[in-house]
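Read the structure below first, then the notes.
Protein chains in written order, with our numbering: chain A, 18 to 130; chain B, 949 to 1064.
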């Protein structure tokens, strides 16, 4: 059974710092991995989708990497801003057919001005 | 529509009443998920519809919960005889599906349910 773990559960950094959020998964047989952001009281917003054949994806100050063989993904945020404060979740799409995505519990990020 | 639409956005009900929550997916999206998120908690998977396949109902917490997806489009989550512990935000998400692979997942804003 696929399990997804995100470490740390919470992180507080000063504005301007570069930071890395971690996501690990137990079964490397995946189609893709997706990173989301959730603001309090809101739904989830898709940030980046990495297919299993890709090593990384970039969008603005965000860069997500995928190392399928070791079961790890990282989300790198450059030059963090207070507006980046949110909960970040990763989800893996298992290769075993007709099974739903598996989510981690998220990392709650606070960027202090 | 441009995004996943959920209604109502807020619902307050009395214990024991039935509620229906609706999800309108992005046009063309064949995979549809329902999740539940209690205050300060992570996502709890409820049910997954994938094309014409039988839905994966493994996450439904009790037989008071059911969901339908009509014509491969709109989905309705029904909670019968609501209990206070059903209070949560119910989130719907949809994606394009090719074969067994599901593409990028998009979420609605959720329906906040409060059971008094």
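C-beta: ideal position from N, C-alpha, C; glycine also.
Residue(s) in a DSSP beta bridge with residue i
i                       : result
residue 84 of chain A   : A:89
residue 1016 of chain B : B:1024
residue 953 of chain B  : B:972
residue 1052 of chain B : DSSP output for residue 1052 of chain B lists no bridge partner at all.
residue 78 of chain A   : Per DSSP, none; premise fails for residue 78 of chain A.
residue 111 of chain A  : A:47
residue 103 of chain A  : A:126
residue 19 of chain A   : Paired residues: none, contrary to the question.
Option in the options with minimal Cα separation from residue i
i                       : options                           : result
residue 66 of chain A   : B:1004, B:1054, B:1064 and B:1007 : B:1054
residue 93 of chain A   : A:42, A:53, A:45 and A:49         : A:53
residue 130 of chain A  : A:100, A:58 and A:50              : A:100
residue 1058 of chain B : A:64, A:127, A:60 and A:89        : A:60
Contact with chain B by residue i, beta-carbon distance below 8 Å
i                     : result
residue 98 of chain A : no
residue 77 of chain A : no
residue 51 of chain A : yes
residue 88 of chain A : no
Closer than 8 Å to chain A by CB, residue i
i                       : result
residue 1020 of chain B : no
residue 1016 of chain B : no
residue 1013 of chain B : no
residue 1058 of chain B : yes
residue 972 of chain B  : no
residue 980 of chain B  : no
residue 990 of chain B  : yes
residue 1053 of chain B : yes
Requested in this report: Kindly provide the ranges of any beta strand (DSSP E) runs that are 3 or more residues long and lie completely inside the stretch 29 to 71 of chain A, ordered along the chain.
Outcome: Here the runs fully enclosed are 36 to 42, 47 to 55 and 61 to 68.
Requested in this report: Evaluate the contact criterion for the stretch 963 to 971 of chain B versus the stretch 1015 to 1035 of chain B: three or more CB pairs, one atom per stretch, below 8 Å.
Outcome: With a cut-off of 8 Å, the stretch 1015 to 1035 of chain B and the stretch 963 to 971 of chain B count as touching, because enough Cβ pairs lie within range.
Query raised in the report: For the stretch 75 to 92 of chain A against the stretch 990 to 1010 of chain B, are there 3 or more C-beta pairs whose distance is under 8 Å?
Result: No, because fewer than three Cβ pairs between the stretch 75 to 92 of chain A and the stretch 990 to 1010 of chain B fall closer than 8 Å, the two stretches do not touch.
Query raised in the report: For the 8 Å Cβ check, are there 3 or more pairs between the stretch 1036 to 1047 of chain B and the stretch 984 to 995 of chain B?
Result: Judged by Cβ distances under 8 Å, the stretch 1036 to 1047 of chain B makes contact with the stretch 984 to 995 of chain B, as three or more pairs qualify.
Query raised in the report: Do three or more CB pairs link the stretch 116 to 123 of chain A to the stretch 82 to 92 of chain A at distances below 8 Å?
Result: No, the stretch 116 to 123 of chain A is not in contact with the stretch 82 to 92 of chain A.
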